[in-house]
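> For my numbering, count along the sequence shown from 1 and bump the result up by 450. Quick reminder that beta carbons are idealized off the backbone N, C-alpha and C, glycines included. None of the values given here were measured: they were computed from a predicted structure. Can you read through this structure? Questions will come right after.
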Amino acid sequence: MNVTSFRQKLKNGDRLIGTVISMATPQVSELLAQAGFDWLFIDGEHAPLNDADIQLLIQTAGQTPCLVRVPCLDEIAIKKALDAGATGIIVPQVNSAEQARQAVSYAKYPPMGQRGVGISRAHGYGFEFQDYLARANDEVVVVVQAEHALALDEIDAIAATPGLDAVFIGPYDLSASLGKMGQIEDPSVIDAVDRITAACQAGELKLGVFGTNSEAVMPYIDRGYTLIAAATDTLLLGQAARDLMNKFK
Ligand code: 3PY
Ligand code: MG
Numbered sequence: 451m452n453v454t455s456f457r458q459k460l461k462n463g464d465r466l467i468g469t470v471i472s473m474a475t476p477q478v479s480e481l482l483a484q485a486g487f488d489w490l491f492i493d494g495e496h497a498p499l500n501d502a503d504i505q506l507l508i509q510t511a512g513q514t515p516c517l518v519r520v521p522c523l524d525e526i527a528i529k530k531a532l533d534a535g536a537t538g539i540i541v542p543q544v545n546s547a548e549q550a551r552q553a554v555s556y557a558k559y560p561p562m563g564q565r566g567v568g569i570s571r572a573h574g575y576g577f578e579f580q581d582y583l584a585r586a587n588d589e590v591v592v593v594v595q596a597e598h599a600l601a602l603d604e605i606d607a608i609a610a611t612p613g614l615d616a617v618f619i620g621p622y623d624l625s626a627s628l629g630k631m632g633q634i635e636d637p638s639v640i641d642a643v644d645r646i647t648a649a650c651q652a653g654e655l656k657l658g659v660f661g662t663n664s665e666a667v668m669p670y671i672d673r674g675y676t677l678i679a680a681a682t683d684t685l686l687l688g689q690a691a692r693d694l695m696n697k698f699k
């Protein structure tokens, strides 16, 4: 059977709805995968997740693709996430074309990049070694976050980075860098989002965004954003728990 890879779906412009995992509990990714999300955003930047947690979350997600947000632009973190079986990486705070180039390079095997070659879960612990090496560069997804005022000046060059699949806006960090922390509807933040959107849509690049709920991401979907992370595991649990308790008040 010919299965369309997640990267191909992203390139095709399919709408891909995910949510953020921050809890180091394998049941969370298992349950969210069963809930029907197209992908899962495993947050290695802000959440208390170590390498083993991340691998377990990927394992229990089953067939649901996982993109791991690494703590920063770090070759080792990128290598470990991909070796653990992540479908791709999300690199936060990428503010220059050179950083975007490095992100791609750390995620792709030679000659495209400089990803180190190990024998890990992604390679079927060795049983699918050659097969994985042959398809990895085609299938590994590389996403960088545009979430700082500094990225705005370089966004055209960032968007032109060969091998980059998507730019993912971090509205909260972006607002903070513009002196409007948390005010993601402020005109200066909207202007910045417009600038990033225009630069990426001028090329082949797909756009992604995080929002705390479906309403927050809907305007972005209307503008053609396709890589969507709506809510987080803790927000979903907390909200459902509050809603339940409110019914008894
Ligand atoms: C931000 O809003 O800064 C994010 O990184 C969301 O993922
Ligand atoms: Mg951020």
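1. Starting from Thr-647, trace the alpha helix (DSSP H) in both directions and tell me its first and last residue.
2. Of the choices Gly-538, Ile-539 and Glu-604, whose alpha-carbon is the least far from that of Ile-646?
3. So, for Asp-636: in the same chain, excluding its five sequence neighbours on each side, which residues have a beta-carbon less than 6 Å away from its beta-carbon?
4. Taking its Cβ as the centre, do 16 or more other Cβ atoms sit within 10 Å of Lys-699, making it buried, or is it exposed?
5. Below 8 Å on the Cβ atoms is my contact criterion, and I expect Gly-468 with Ala-679 to pass it. Report the Cβ-Cβ distance as a whole number of Å.
6. Please classify Thr-510: does DSSP put it in a helix, a strand, or coil?
7. Report yes if the C-beta distance between Leu-466 and Val-591 is below 8 Å; otherwise report no.
8. Considering only heavy atoms of the ligand 3PY, list every residue whose Cβ is less than 5 Å from one of them, following chain order.
9. Kindly indicate the opening and closing residues of the beta strand (DSSP E) around Arg-519.
10. With the cut-off set at 8 Å, would you say Gly-538 and Ile-508 are in Cβ contact?
11. Looking at the unbroken beta strand (DSSP E) that takes in Ala-734, where does it start and where does it end?
12. So, helix, strand or coil for Asp-504, using DSSP?
13. Can we count Gln-633 as close to the ligand MG, meaning its CB is less than 7 Å from some heavy atom?
14. Could you tell me which residues DSSP pairs with Ile-678 in its beta bridges?
Let me spell this out:
1. 637 to 652
2. Glu-604
3. Lys-630
4. exposed
5. 5 Å
6. helix
7. no
8. Glu-597, Gly-620, Pro-621, Tyr-622, Asp-623 and Phe-660
9. 516 to 519
10. no
11. Past the boundaries of the shown model lies residue 734; the chain is included only from 451 to 699, so the question cannot be answered.
12. The amino acid at residue 504 is misidentified as Asp; the sequence shows Ile. Three-state result, Ile-504: helix.
13. no
14. Ile-467 and Val-659
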